[in-house]
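S.K.:
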Amino acid sequence: MTLHGAGIYYFAVTGAKDQPIFQSVFEFGYGLEILSSLRGARLMAYVLEESRMQFVLRCQRDWTEVMDDIQAAFDAMHERCWNKRRQTLSDQGVVLLVDEQAYLRDLVMQLHDWPRRSGLVASADLWPWSSDRYYRQPQPPTWLDTESMLNLLAHSRRNRSQHYIDVMQKPVTTQLDLNHGTHPLYQALARDMWVDQHLKREALVQSAYSKDDIRHLYDDACQLVARQFELTLDDLLDRGQRRRFHHLMPLVVWLMNERGISVEAIAPLVDEDEFRLQLWLRNLPADHTENVRSKLLNLWLPQPGAIAPSAVASTTAAPDNTDEKDASASAVEAPPEASADDADLEQPLEHHDG
Numbered sequence: 001m002t003l004h005g006a007g008i009y010y011f012a013v014t015g016a017k018d019q020p021i022f023q024s025v026f027e028f029g030y031g032l033e034i035l036s037s038l039r040g041a042r043l044m045a046y047v048l049e050e051s052r053m054q055f056v057l058r059c060q061r062d063w064t065e066v067m068d069d070i071q072a073a074f075d076a077m078h079e080r081c082w083n084k085r086r087q088t089l090s091d092q093g094v095v096l097l098v099d100e101q102a103y104l105r106d107l108v109m110q111l112h113d114w115p116r117r118s119g120l121v122a123s124a125d126l127w128p129w130s131s132d133r134y135y136r137q138p139q140p141p142t143w144l145d146t147e148s149m150l151n152l153l154a155h156s157r158r159n160r161s162q163h164y165i166d167v168m169q170k171p172v173t174t175q176l177d178l179n180h181g182t183h184p185l186y187q188a189l190a191r192d193m194w195v196d197q198h199l200k201r202e203a204l205v206q207s208a209y210s211k212d213d214i215r216h217l218y219d220d221a222c223q224l225v226a227r228q229f230e231l232t233l234d235d236l237l238d239r240g241q242r243r244r245f246h247h248l249m250p251l252v253v254w255l256m257n258e259r260g261i262s263v264e265a266i267a268p269l270v271d272e273d274e275f276r277l278q279l280w281l282r283n284l285p286a287d288h289t290e291n292v293r294s295k296l297l298n299l300w301l302p303q304p305g306a307i308a309p310s311a312v313a314s315t316t317a318a319p320d321n322t323d324e325k326d327a328s329a330s331a332v333e334a335p336p337e338a339s340a341d342d343a344d345l346e347q348p349l350e351h352h353d354g
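Be aware that the sequence shown starts at 1, since it is given in UniProt numbering, and climbs by one per residue.
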């Protein structure tokens, strides 16, 4: 079964009726431009061949909508190039939802190694229509999201491109099943628990949040984070304290994203652009320990089958009922410059604003 909703997806698409997708070198460039400028999606990796495309997208909307846009754009491209309209991409293909933390790194490396492994070139960096070459650059183009994978590959932000080069010089031994994925029931490169969480989030999304629901969720998330860090709501939202704001507001964005609300819907509430929110979410594990995140999430996520949007306000943490929640979530994180081990989580947060 294929999974749906926002997330990272691997796509493998061939030409319609066994015809090539690209019939000229110019079309490769046009195709890459299509993939890198999709609405509500961000290109993370790709390998293009004459009759096949493999690519990874971070989608803020369901992959079916993104794929419809891709097919329409490729049909239009073919018509412009050859003054002839035909279906360019096959309706049949492979779509796998990707568990980012567990499989994104190996997926991108295997994808980049594909031209070498399939005998097209002697070395992965020689294939011209692959994102491999951009991963090797210290300053890759902004239309390609290389950071997500490189953050998983390298422990340090320094010399990540060189680290990638060093790793790719060794044989890529991990071989994921890119036809069926790793999950026994769903088309996904994902762990069981991760798929369960994704399904819960999607069940909430399908409940069709209204604008008022999203606003209530935002207010409740802010109150929850402020309370756990012993702040007032005004303190949390004070942009004058930039360090504190940029340290704690990503938790608010993350909590809402866990409810299945897209960064596109969150951005106006936080008054930040979508790209900044994506950076916040990617950097969150480095700024806040798993212990803190899991305790906040336990307070935030509803029990299975618990809510519809109209009941959102009654299921999230409310300021009037603090005794029970404070008793179960006494964890408070250390400031950014301090270590954040489990012992620190039992101590109140000491703010060093400036």
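The beta carbon of each residue, even a glycine, is placed where N, CA and C say it ideally should be.
#1: Tell me whether F22 is buried or exposed, calling it buried when 16 or more other Cβ atoms sit within 10 Å of its Cβ.
#2: Within the continuous beta strand (DSSP E) that includes M1, where are the two ends?
#3: For the region 52 to 61 and the region 243 to 255, state whether three or more C-beta atom pairs, one from each stretch, are separated by less than 8 Å.
#4: Please state the DSSP three-state secondary structure of D320.
#5: Is the beta carbon of T88 sitting closer than 8 Å to the one on A16?
#6: Under three-state DSSP, which class holds I70?
#7: With H, G and I counted as helix, E and B as strand and the rest as coil, what does DSSP make of Q19?
#8: Select from W300, Y9, V98 the residue whose C-alpha is nearest the C-alpha of R227.
#9: Rounded to the nearest angstrom, what separates W82 and L48 at their Cα positions?
#10: Which partner residues does F55 have in the DSSP bridge list?
#11: Under DSSP, the alpha helix (DSSP H) around Q92 begins and ends at which residues?
#12: Using alpha carbons as the reference points, say which of K200, R117, Q175 lies closest to I261.
#13: Rank T14, V108, D18 by C-alpha distance to the C-alpha of R58 and give the top, closest one.
#14: I want to know whether the region 158 to 165 touches the region 127 to 137 - three or more CB-CB distances under 8 Å.
#15: In whole angstroms, what separates the C-alpha of R86 from that of A76?
#16: Mapping the DSSP letters down to three states, classify A122 as helix, strand or coil.
#17: With L120 and I70 assumed to form a contact (beta carbons below 8 Å), what rounded beta-carbon distance in angstroms separates them?
#18: Alpha carbon to alpha carbon, what distance is there between F229 and A144?
#19: For the alpha helix (DSSP H) containing L236, list its first residue and its last residue.
#20: V56 and M67 look like a contact to me (Cβ under 8 Å); what is the Cβ gap, rounded to whole Å?
#21: Counting contacts by CB-CB distance shorter than 8 Å, is R157 in contact with chain D?
#22: Going along the chain, which residues of its own chain have a beta-carbon closer than 8 Å to the beta-carbon of V98, five neighbours each way excluded?
#23: Can you look up S210 in the DSSP assignment and give me helix, strand or coil?
#24: Pull up the distance between the alpha-carbon of L111 and that of D91, whole angstroms please.
#25: Determine whether the beta carbon atoms of L132 and A122 lie at a separation below 8 Å.
#26: With a threshold of 8 Å on Cβ separation, who are the neighbours of D18 within its own chain once the five nearest residues in sequence on each side are excluded?
#27: Where do the N-terminal and C-terminal ends of the alpha helix (DSSP H) with residue 357 fall, by residue?
#28: Let me know the secondary structure DSSP gives A221 once reduced to three states.
#29: Expressed to the nearest angstrom, what Euclidean distance is found between the alpha-carbon atoms of P20 and L3?
#30: So who's on the other strand from S130, going by DSSP bridges?
#31: How about L233 and L248: are their beta carbons less than 8 Å apart?
#32: Between the C-alpha atoms of P171 and L126, what's the straight-line distance to the nearest angstrom?
#33: In this structure, does DSSP put A226 in helix, strand or coil?
#34: What's the gap between the Cα of Q60 and the Cα of R239?
M.R.: So, from the listed chains and residues:
#1: Within the sequence shown, numbered from 1, the residue matching residue 22 stands at position 22. Buried: at least 16 other Cβ atoms inside 10 Å.
#2: Position 1 of the sequence shown, counting from 1, holds the residue named residue 1. In the DSSP annotation of this structure, M1 is not part of any beta strand (DSSP E), being labelled neither H nor E.
#3: These segments do not touch.
#4: Position 320 of the sequence shown, counting from 1, holds the residue named residue 320. Low confidence applies here, because D320 scores a pLDDT of 42, under 50, leaving its location unreliable; read the following figure in that light. Taken through DSSP and simplified to helix, strand or coil, D320 comes out as coil.
#5: Along the sequence shown, one-based indexing puts residue 88 at 88. Along the sequence shown, one-based indexing puts residue 16 at 16. Yes, the pair counts as a contact, with Cβ atoms nearer than the cut-off.
#6: On the sequence shown, position 70 is the one that residue 70 refers to. DSSP places I70 in helix when its eight states are reduced to three.
#7: Here the question's residue 19 lines up with position 19 in the sequence shown. The answer is coil: DSSP assigns Q19 none of H, G, I, E or B.
#8: As a first step, residue 227 is located in the sequence shown; it is residue number 227 there, counting from the start. Nearest C-alpha to R227: W300.
#9: Along the sequence shown, one-based indexing puts residue 82 at 82. Along the sequence shown, one-based indexing puts residue 48 at 48. So the alpha carbons of these two residues sit roughly 20 Å apart.
#10: For the purposes of this step, residue 55 is taken as residue 55 along the sequence shown, with counting starting at 1. F11, Y46, per the DSSP bridge assignment.
#11: On the sequence shown, position 92 is the one that residue 92 refers to. Looking at the DSSP string, Q92 is not in any alpha helix (DSSP H); the run it does join, the beta strand (DSSP E), is 89 to 98.
#12: In the sequence shown, counting from the first residue as 1, residue 261 sits at position 261. Checking every option, the nearest Cα to that of I261 belongs to K200.
#13: Here the question's residue 58 lines up with position 58 in the sequence shown. Out of T14, V108, D18, V108 has the C-alpha closest to the C-alpha of R58.
#14: Yes: the two stretches touch, three or more of their Cβ pairs being nearer than 8 Å.
#15: Taking the sequence shown and counting its residues from 1, one reaches residue 86 at position 86. Taking the sequence shown and counting its residues from 1, one reaches residue 76 at position 76. So the two alpha carbons sit approximately 9 Å from each other.
#16: Here residue 122 refers to the residue found at position 122 when the sequence shown is read from its first residue. In the structure shown, A122 sits in coil (DSSP, three-state: anything other than H, G, I, E or B).
#17: As a first step, residue 120 must be located in the sequence shown, where it is residue number 120. As a first step, residue 70 must be located in the sequence shown, where it is residue number 70. Between the beta-carbon of L120 and that of I70 there is about 23 Å, and that puts the pair past the 8 Å contact cut.
#18: What you label residue 144 is simply residue 144 of the sequence shown in a count that begins at 1. What you label residue 229 is simply residue 229 of the sequence shown in a count that begins at 1. What sits at residue 144 in the sequence shown is Leu, not Ala. Distance between the alpha carbons of L144 and F229 is about 36 Å.
#19: Position 236 of the sequence shown, counting from 1, holds the residue named residue 236. From DSSP, the alpha helix (DSSP H) with L236 extends over 233 to 236.
#20: Along the sequence shown, read from residue 1 onward, the residue named residue 56 stands at position 56. Along the sequence shown, read from residue 1 onward, the residue named residue 67 stands at position 67. Rounded to the nearest angstrom, the Cβ distance from V56 to M67 is 14 Å, too far for a contact under 8 Å.
#21: Absent from the structure is chain D; it holds one protein chain and no more.
#22: Along the sequence shown, one-based indexing puts residue 98 at 98. Here the set comprises G7, I8, Y9, Y10, V56, L104, L107, A188, L189, A190.
#23: Taking the first residue of the sequence shown as position 1, residue 210 is located at position 210. Correct three-state label for S210: coil.
#24: The residue given as residue 111 occupies position 111 in the sequence shown. The residue given as residue 91 occupies position 91 in the sequence shown. Cα-Cα distance, rounded: 22 Å.
#25: Within the sequence shown, the letter at position 132 stands for residue 132. Within the sequence shown, the letter at position 122 stands for residue 122. Per the sequence shown, residue 132 should be read as Asp rather than Leu. With respect to A122, D132 sits apart: the two C-beta atoms are not nearer than 8 Å.
#26: As a first step, residue 18 is located in the sequence shown; it is residue number 18 there, counting from the start. If we look at D18 and ignore the five residues flanking it on each side, its Cβ neighbours are S51.
#27: Residue coverage of the chain in this structure runs from 1 to 354, which leaves residue 357 outside it and unanswerable.
#28: For the purposes of this step, residue 221 is taken as the residue at position 221 of the sequence shown. Collapsing the DSSP output to three states places A221 in a helix.
#29: Locating residue 20 in the sequence shown gives position 20, where the first residue counts as 1. Locating residue 3 in the sequence shown gives position 3, where the first residue counts as 1. Cα-Cα distance, rounded: 28 Å.
#30: What you label residue 130 is simply residue 130 of the sequence shown in a count that begins at 1. Answer by DSSP bridge pairing, in chain order: V47.
#31: The residue labelled residue 233 in the question sits at position 233 within the sequence shown. The residue labelled residue 248 in the question sits at position 248 within the sequence shown. Taking 8 Å as the Cβ cut-off, L233 and L248 do not qualify as a contacting pair.
#32: Looking up residue 171 in the sequence shown gives position 171. Looking up residue 126 in the sequence shown gives position 126. Between P171 and L126, the C-alpha separation is close to 16 Å.
#33: The count along the sequence shown starts at 1 and reaches residue 226 at position 226. Reduced to three states, the DSSP call for A226 is helix.
#34: As a position in the sequence shown, residue 60 is number 60, starting the count at 1. As a position in the sequence shown, residue 239 is number 239, starting the count at 1. Here the C-alpha atom of Q60 lies approximately 27 Å from the C-alpha atom of R239.
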